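Residue numbers (this note's numbering), protein chains in the order written: chain F, 602 to 1056; chain R, -13 to 304; chain D, -13 to 266. One structure is given below, encoded as structure tokens.
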Amino acid sequence: MLQHGNDAEPPRPPRRRSVLAAAAGAATALAAPALLTGCGAAGSGGGTLKFWNFYGPEHGPDPAVNRQSDWFTGIVAKWNATHRAKIELVYTPPQIYQNGSKLPTAFAAGEGPDIFLLSPGDFLRYYNGGVLADLTPHMDKAVIADYGTSLASRTVDGKVYALPMEVEPLAMFYDVGAWEKAGLSEGDIPTTWDEMLDRGDKLRSNTRAGLIFETGPGYYQNFTWYPWMWQGGGDVLDKQGDVSFDSKATRQALQLWSDAVRHGIAPRTLPAAGDVIGAFQGGNVGMWQQGIWNVASFKAAAPNFRYGVFKLPVPPGGRYVTSLGGWSFCANAKGRNPEAAAEFCGWALGTMEDDCIDRMVDWCIGAKSDIAPRTSALERGAAKGGYDSAVMKTFKDDIFPGGRPEPRYPPVVYKAISDAIQGTMLGGDGVAGAASRAAQSMAAYTKSYKGASLV
Amino acid sequence: MTSLTAPRRTAAADTGSARTGRRPLSRKHREWIAAALFLAPDCIGLLIFVGIPMVLSIVLGFFQVSGFGSYTWIGLGNYRRMFSDPLFWSSLRITGIYVVVLVPLLFVISLGLGLLIKQKLPGIGVYRTALFMPYVISLVVVGLLGKFLLDDQVGAVNRAMEAVGLSGRSWLGDPSLALVSLIAVTTWVMMGYYMIIFLAGLQEIPQEYYEAAKLDGAGPWTTFRNVTWPLLRPTSFFVLLMSTVAAITGGLDLVYVLTQGGPANSTSLAIFYIYQQAFVFGEYGYAAAMGSFLVLIMVVLSAVIFALTRGGRFDDGE
Amino acid sequence: MASEATRLARRRRVSSRFWLTLLAAVVSLVSVFPVLYMFISSFKTRAQVTDGRLIPAQFTVQNFVYVFTEVPFVRYLVNSFAVSAVITVAALLFHSMAAYALARLRFPGREALFATIFSTLLITAPVVLIPLFLVVGQLGLLDSYAGLIIPAIFNAFGIFLLRQFYIGLPRELEEAAVIDGCGHWRVYWNIVLPTSRPVLAALAVFFFLANWNSFVWPLVATNNPDLTMVQVGISSFQSQYGANWNYVLAAATVAALPMLALFFAFQRQIVESIKTSGLK
């Protein structure tokens, strides 16, 4: 097509030159970005430990967020001032930290953070993967008793691998204004499931959901559903570790959620795209099963909003139980300096020093609104008046006792339960079939499961 | 001139050698070198940043990967598990429905919009921008807007339906509707994008052909069938192939924000299930195996489309 | 006779223009409505964001104030702009070169090479993420601008689109140049490249936009907050258990405006017909 052979002499040199010029240009274009490598952010030295978290350093319009960030930066500053190994905080927005690909990618590539926050639901996966360092040598012996049941799901063979800084019970939040408008009073606070459904029915309208259960699939939805099963005396696994999911308690818990949705009392999707404060303020909520963390959020973002809390109602013949969540500090056993990382976790949350206890108190009643996992911190916080407000008092005295920590199930078990909940709540599946299907797939899995115990 | 030790010359080289006395490259070879230089940057870059990771991920499919640094060879173990995993097959089925509905829908709508926008109508620049606007918004925000507008109680869609007497539906909470909503939102986002591609392709058709058709007295449909459609074939091929690949591998972001695979797994596309296995359950080896299987499906589909269209060249013959 | 026919034809033309304009307006309205909703809602307070109203009951600009003062949003915008711009320019250059070779130059294995290049589009992104992260880490590019820019340049999409476009180009232009004695590079640089302005303009918009809105790779490849790009920055308005959707929408509006401006500026280029004058 291009007839070079017939060219006269003169045009040839420009062609070769221009091709070479093109090649040089391409090479430069490729090389230039490589030179930018040096222009990247000056990374910290290899010795600094990285603490990945979703609280700080962060500055936002929400004062609660700022207080929480300050708590984290304060701890790290104090440690850096008094210890040789330095720590640097790396902030990731919460949604991404908890559900996204950043943390898993880093771990999979062997570049996981040296210190990080862990949820109870993920504990087994990390422990079985061998990345949790033993924190027990860096804790005071008395602290283990001080923690009590909060450490159960974070302990394997008597050794502690994660230290929680908070305990977050679930309860029912309700809109006082809507309550009164529906002709209900303090005495109408439900204590049984039927009463709860009835109140929800009275509260709902075209723009208001009567009773809200979590709708999106995920670890969190499971977490909010477990107490309804536990209340009936049911459990996923019995004391020997065998699957006991297919039970009357399970079926009635699944039925509760299914009925609520079917009768239009509970919505199929969360109002305000899941923003609790915004939904309450917008008048879209009657009752919502939520956690204690909202107390701080309400105080910061909607201090004049009238809301109340009550403990989860029970089924006939059932016993009160609620779920206890809460994140914990962990050290990466495959990190750069597991010893120093584990020492930090122990120093921050696991000694009997006044500083340490005050630190936890400060988090639970100052920066956030949580129950302290350590008895000493809880007492001190109560003495400081952190649990004096009506709502916090209800949480501490009414709701928290009898709570059960979030279990640590591996992904296959989680998914089986999640599918059962989703299928019955939103898919119209029958509860008997869903429960037995889930139990079967879990049984098949647990037979070949090798790792830390699931109970 | 020639000696016994001189290298052979091809016929094509003879034309130049007589003048300069050295052996120049033939026209053919010069074209090869030029092609190599033109292609070098992209080929090297693609090899390093796409080729190698692809190969690595295919290899990963034969390992059990804990996600924390331990790799155990298990041969076809992941593939055996995949074939007996009902969730995987149901995710393939959902992906199939998604692709079969979305691709033709997008194709027709964006082609129609492209033809519409090509006209010189008053204010056409504004309409063009309006149609492209959805693509400008990041998918995270699109998902958020979707949640607001499709909200069961106060969403604009249900409000509009109630205003005309229909009853609102739970667009994102009803397993029989969620996939439809997902397809609708995806179409809304992507129609402006493919419209622009069609537009660029339409602009390539020289005006003379249209003028000739008009002189022959052809109406709009005949013009389209005999002038526009045949000359648009390279672009149509592109849109068809790219939208199919995008539908199979690209639905992740919206599913992640809108439904997280729910309700009741009704929007659990294959790509979402793979993501879940990799990043939520830490089963990288298993996810890699499923990913390789998905790639295989796409390779087969693309090969079929390529074969039917002679590699997108149609009757080009060059 | 002739004037009657022309009058009829003119009337038909006017009425068809009217219907087409109406259709365009209606479709545009449907398309733009959610974006309008986003824009309007960014002036609402947190409680009203989901009330579904088109006119804010309480109009406020506080959201925008917060977006710019509480986080270094300008820095995020600058980062995104710089990264996207470099990627776009590099990608346009490399991809058009490669596409030209694949469309017009003849060499053995051309179609096989194109098929191979095309096959790099058939990846499942979540699975490839970690190997890519490993490769980039090995090259020492993590946590740097280079790590954000270089991997994002190489994507076969642009090569594919341009190759289709170059296949469809009328040959007369290039043949005329060849008769004048142009070499490959001159034909590419002086003839083919300017002629492909519509599709290059479209690609410039696409590349810029794709990188402006990119989320997963910048998130995974960088830890340093100074390198944060706009989309990751927007997600920081979601706290652990709640979300200030009003700030998110305000931030999203700010992030979208430069892109809309870019598109508006480029759209005339995209719609320009290729110049075929001077051939006859």
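The beta carbon of each residue, even a glycine, is placed where N, CA and C say it ideally should be. All values reported here derive from a predicted model rather than from experimental measurement.
Can you tell me whether residue i is buried or exposed, with buried defined as 16 or more other CB within 10 angstroms of its CB?
i                 : result
E17 of chain R    : buried
Q105 of chain R   : exposed
R(-7) of chain D  : exposed
F193 of chain D   : buried
F104 of chain D   : buried
D839 of chain F   : exposed
W5 of chain D     : exposed
D1057 of chain F  : There is no way to answer for residue 1057 of chain F, as the model of chain F reaches only from 602 to 1056.
A43 of chain D    : exposed
Q124 of chain D   : exposed
S(-11) of chain R : Confidence in S(-11) of chain R is poor, its pLDDT being 44 and thus under 50, which makes the residue's placement unreliable; the coordinate value appears in the next sentence. Its Cβ having fewer than 16 others within 10 Å, S(-11) of chain R is exposed.
T693 of chain F   : buried
R617 of chain F   : Only weak support is given to the placement of R617 of chain F: the predicted model assigns it a pLDDT of 45, under 50, and the value that follows is read from those uncertain coordinates. Exposed is the call here.
W215 of chain R   : exposed
F223 of chain D   : buried
V0 of chain D     : exposed
V94 of chain R    : exposed
I165 of chain D   : exposed
V47 of chain D    : exposed
A625 of chain F   : With a pLDDT of 44 at A625 of chain F, under the threshold of 50, the modelled position of that residue is not reliable, and the figure given next carries that caveat. Counting Cβ neighbours within 10 Å, A625 of chain F comes out exposed, since fewer than 16 surround it.
Under 8 Å, do residue i and residue j count as touching if we go by C-beta distance?
i               : j                : result
F655 of chain F : L764 of chain F  : no
T74 of chain D  : A242 of chain D  : no
T808 of chain F : G159 of chain R  : no
N49 of chain D  : S66 of chain D   : no
T825 of chain F : P1006 of chain F : no
A903 of chain F : Q882 of chain F  : yes
S848 of chain F : T1025 of chain F : no
I260 of chain R : T110 of chain D  : yes
V677 of chain F : K651 of chain F  : no
I60 of chain R  : F48 of chain R   : yes
K969 of chain F : Q696 of chain F  : no
Y775 of chain F : L733 of chain F  : no
G661 of chain F : E56 of chain D   : yes
P872 of chain F : A810 of chain F  : yes
V305 of chain R : V85 of chain R   : A query on residue 305 of chain R cannot be resolved here, the shown segment of chain R reaching from -13 to 304 and no further.
A880 of chain F : I116 of chain D  : no
Output, in chain order, the set of chain R residues within a Cβ distance shorter than 8 Å of residue i.
i               : result
R869 of chain F : D138, S156, L158, G159, D160 and P249
F655 of chain F : Within chain R, no residue comes near F655 of chain F; the closest Cβ sits about 16 Å away, beyond 8 Å.
Chain R partners of residue i, CB-CB under 7 Å?
i               : result
I41 of chain D  : Neighbours of I41 of chain D on chain R: none; closest Cβ ~13 Å, over 7 Å.
F193 of chain D : None at all; the shortest Cβ gap to chain R is about 12 Å.
T808 of chain F : Q139 and V140
Can you name the residues of chain B whose CB is closer than 8 Å to the CB of residue i?
i              : result
S43 of chain R : Among the protein chains of the structure shown, namely F, R and D, there is no chain B.
List, in chain order, every chain R residue whose beta-carbon is nearer than 9 Å to that of residue i.
i               : result
D37 of chain D  : V140
A142 of chain D : D28, L32 and V36
Name the chain F residues whose beta carbon is nearer than 8 Å to that of residue i?
i              : result
Q34 of chain D : G883
So which residues of chain F does residue i contact, with C-beta pairs closer than 7 Å?
i               : result
F69 of chain R  : Chain F residues near F69 of chain R: none, gap ~16 Å exceeds 7 Å.
S52 of chain R  : G730
Q217 of chain D : Simply none; closest approach about 11 Å.
N209 of chain D : V691
Under 8 Å Cβ-Cβ, which residues of chain D neighbour residue i?
i               : result
K703 of chain F : L205 and V206
W59 of chain R  : None at all; the shortest Cβ gap to chain D is about 17 Å.
Residues of chain F with CB closer than 9 Å to the CB of residue i, please, in chain order.
i              : result
V57 of chain D : E659, H660 and G661
Of the residues that make up the segment 13 to 32 of chain D, which ones have a beta carbon closer than 8 Å to any beta carbon in chain F?
R32
Taking Cβ-Cβ distances below 9 Å as the criterion, which residues of the segment 730 to 754 of chain F are in contact with chain R?
G730, G731 and V732
Counting only runs that start and end within the segment 205 to 244 of chain D, where is the alpha helix (DSSP H) found for 4 or more residues in a row?
216 to 221
Mind listing which residues of the segment 258 to 278 of chain R have their C-beta closer than 9 Å to chain F's C-betas, in chain order?
Y261, Q262, Q263, A264, F265, V266, F267, G268, E269 and Y270
Starting from the N-terminal side, write out each stretch of the alpha helix (DSSP H) that is 4 residues or longer and does not extend beyond the segment 61 to 120 of chain D.
96 to 105
Ordered list of alpha helix (DSSP H) runs contained in the segment 133 to 206 of chain R, each at least 4 residues
142 to 149, 164 to 189 and 193 to 201
Residues in the segment 81 to 111 of chain D with C-beta within 7 Å of chain F's C-beta atoms, listed in sequence order?
none
What residues in the segment 111 to 124 of chain D bring their beta carbon closer than 7 Å to a beta carbon of chain F?
L115, I116, F119, L120 and G123
Mind listing, in chain order, the continuous alpha helix (DSSP H) runs of no fewer than 4 residues lying wholly within the segment 782 to 834 of chain F?
794 to 804 and 820 to 832
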